[in-house]
Amino acid sequence: MNLDFLYTAVSWVLLRWHNLFSLFIDKDSGLNWSLSIVFLVVTARILLFRVFLKQVNYQRHMQEMQPKIQALRKKHKDDKAEMQRQMMKLQQEQGFNPLSGCLPMFLQIPIFIGLYHVLRHLSNSVTRCDAGSTDHVLKLYTFSGGPSGETCSAAKAQLFHAPLAARLTDSPHQVVDLLGGHLTPTRIVIVALVLISSAATYLTQRLVRSGATTVPEGTAATVQKLMLYLIPVMTLGSGLFFPLGVLLYWFTSNSWTMGQQFYINKFHPHPDLDKTPPVVGELGRTLAPKPGQRPNTKAKPATLVKTANTEETPTVPPARNAPRPGQRPVRSGNRPPAKRPSQAKKRR
117 MNLDFLYTAV SWVLLRWHNL FSLFIDKDSG LNWSLSIVFL VVTARILLFR VFLKQVNYQR
177 HMQEMQPKIQ ALRKKHKDDK AEMQRQMMKL QQEQGFNPLS GCLPMFLQIP IFIGLYHVLR
237 HLSNSVTRCD AGSTDHVLKL YTFSGGPSGE TCSAAKAQLF HAPLAARLTD SPHQVVDLLG
297 GHLTPTRIVI VALVLISSAA TYLTQRLVRS GATTVPEGTA ATVQKLMLYL IPVMTLGSGL
357 FFPLGVLLYW FTSNSWTMGQ QFYINKFHPH PDLDKTPPVV GELGRTLAPK PGQRPNTKAK
417 PATLVKTANT EETPTVPPAR NAPRPGQRPV RSGNRPPAKR PSQAKKRR
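Residues are numbered in our numbering as their position in the sequence shown, beginning at 1, plus a constant of 116.
Printed below as a string of structure tokens:
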């Protein structure tokens with residue numbers, strides 16, 4: 117399958133940002149090419165923002181359907197075929213599309229593949245750039261050829277003395293002699309990007325779980341807990357085999373995803389998270405907030421006492437002027453009658 121159109125599109129966007137940053141940054145500096153990769157991610161994520169919102173709606177719709185899904189699983193636990201038919205029927209009734217949740221990830225895969233392909237060709241172009249002959253340097257998609265062209269400029273670009281085309285699995289000869297970098301800084305930069313990307317992936321999973329309104333049960337809970345740690349570990353393991361430029365793309369993309377999820381949880385939470393939990397009985401009608409009034413989350417709840425007719429009533433502390441047991445109640449507004457003097461005092 118010929119994917120030259122994909123590689124051309126990725127290199128074109130990358131080169132447009134490089135030309136923009138060349139107005140105030142040296143065109144051959146590693147900072148220029150690193151920023152170009154970062155803003156390649158920004159461009160892609162801005163274009164996919166509406167798709168991300170659909171993914172959020174998918175996740176919330178899935179959470180709302182969980183009680184019905186659990187009920188179907190319990191009802192048809194002995195008939196898998198019938199359970200699948202009822203699941204599909206429920207999805208059709210709710211207008212639910214399972215593919216909408218995976219769409220943002222699928223749309224980012226071509227960009228990732230295109231950037232990886234371009235950087236892999238750049239690493240192979242270093243030796244031809246050192247030859248110093250225009251005939252030995254081929255044009256790479258939208259990158260111009262020649263020793264002073266964009267191909268050689270990107271191939272020799274370094275970030276903190278670490279070549280953008282270097283990988284952690286490269287030998288010292290490849291990093292130092294062929295790519296012109298320094299071995300120790302290259303190892304440090306690559307490992308740091310992989311660790312930060314894995315941490316960002318883990319935090320994103322935690323943010324997604326914190327914004328959920330339902331708690332999964334059974335197999336779903338096990339899978340969710342497994343994915344919480346499995347995805348960061350996969351990021352940690354597979355990231356060690358990619359070039360530094362791809363890891364920079366990965367780091368920016370994961371950080372962007374974490375920021376998006378934090379923004380959604382903070383400023384656009386699920387409506388069910390703002391609802392006050394219902395209270396049963398007369399106490400619920402008494403303590404419920406009035407329309408437009410924010411619930412008081414700091415107030416301590418009253419102690420509930422179950423009466424003979426199973427109705428829950430709050431206990432009220434006795435008033436200070438309450439009559440003692442056996443004493444006649446005092447009418448409001450009247451003072452208690454004064455004690456009469458004893459007969460001994462009258463005789464005096």
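Cβ atoms here follow ideal geometry from the backbone N, Cα and C, with glycine treated the same way.
Practice task
Measure from the alpha carbon of Thr368 to the alpha carbon of each residue in Val172, Met350, Ala315 and Gly265, then state which is nearest.
Solution key: Ala315
Problem - Chain-order list of residues whose beta-carbon lies under 6 Å from that of Ile347 (same chain, five-residue window excluded) - result: Thr317
Problem - Alpha carbon of Gln171 to alpha carbon of Asn381, nearest angstrom - result: 14 Å
Exercise for the section: Would you decide whether Lys255 is buried or exposed? Buried here means 16 or more other CB atoms lie within 10 Å of its CB. Expected result: exposed
Exercise for the section: Can you tell me which of Arg325, Val349, Gln274 and Gly296 puts its alpha carbon nearest to the alpha carbon of Ser152? Expected result: Gln274
Practice task
Report the residue from Ala278, Pro359, Leu319 and Ala308 whose alpha carbon sits nearest the alpha carbon of Gly375.
Solution key: Leu319
Exercise for the section: Check whether the segment 221–237 touches the segment 118–128, taking contact to mean three or more Cβ pairs, one atom from each stretch, closer than 8 Å. Expected result: yes
Problem - Val349 versus Ile312: straight-line alpha-carbon distance, rounded - result: 12 Å
Problem - Other residues of its chain near Tyr345: CB distance less than 8 Å, five sequence neighbours each side excluded - result: Tyr318
Exercise for the section: Going by CA-CA distance only, name the one from Pro385, Trp366, Phe228 and Asn240 that's closest to Thr351. Expected result: Considering only Pro385, Trp366, Phe228 and Asn240, the residue with the shortest C-alpha distance to Thr351 is Trp366.
Problem - Beta carbon of Leu131 nearer than 7 Å to that of Thr258 - result: yes
Exercise for the section: Tell me whether the beta-carbon of Ala187 lies closer than 7 Å to the beta-carbon of Leu238. Expected result: no
Practice task
Can you say whether Asn173 is buried or exposed, counting buried as having 16 or more other CB atoms within 10 angstroms of its CB?
Solution key: exposed
Handout entry: Inter-residue spacing [alpha-carbon to alpha-carbon] between Ala160 and Gln224
Key = 8 Å
Problem - Ala404 versus Pro385: straight-line alpha-carbon distance, rounded - result: Low confidence applies here, because Ala404 scores a pLDDT of 47, under 50, leaving its location unreliable and the question unanswered by this model.
Exercise for the section: Report the three-state DSSP secondary structure of Leu163 (helix, strand or coil). Expected result: helix
Exercise for the section: Since I believe Ile306 is in contact with Leu360 (beta carbons under 8 Å), could you give me their beta-carbon distance rounded to a whole number of angstroms? Expected result: So it is a contact: roughly 6 Å between Cβ atoms.
Practice task
State the beta-bridge partners of Ala197 as determined by DSSP.
Solution key: In DSSP, Ala197 forms no bridge with anything.
Practice task
Tell me, to the nearest whole angstrom, how far the beta carbon of Leu295 is from that of Val242; I am working on the premise that it is less than 8 Å.
Solution key: 6 Å
Exercise for the section: Check Leu223 in the structure and name its three-state DSSP category. Expected result: In this structure, Leu223 counts as helix in the three-state DSSP scheme.
Exercise for the section: With DSSP as the reference, please indicate the residues paired to Gln274 in a beta bridge. Expected result: Pro279
Problem - Assigned secondary structure, Thr295 (DSSP; H/G/I helix, E/B strand, else coil) - result: A small correction: the amino acid at residue 295 is Leu; Thr does not occupy that position in the sequence shown. Reduced to three states, the DSSP call for Leu295 is coil.
Exercise for the section: Output the distance between the C-alpha atoms of Gly353 and Cys245, rounded to the nearest integer angstrom. Expected result: Straight-line Cα distance between these residues: approximately 32 Å.
Handout entry: Span of the alpha helix (DSSP H) around Tyr365
Key = Leu360 to Phe383
Problem - Where the alpha helix (DSSP H) containing Asp120 begins and where it ends - result: Judged by DSSP secondary structure, Asp120 falls within the alpha helix (DSSP H) whose first and last residues are Asp120 to Phe137.
Handout entry: Cα-Cα separation, Gln208 to Pro226
Key = Each residue's CA atom was taken as its position, placing Gln208 and Pro226 some 30 Å apart.
Problem - Distance between Arg189 and Gln179 (C-alpha atoms, nearest Å) - result: Taking the straight line joining both Cα atoms gives about 15 Å.
Problem - DSSP three-state assignment for Leu256, whether helix, strand or coil - result: strand
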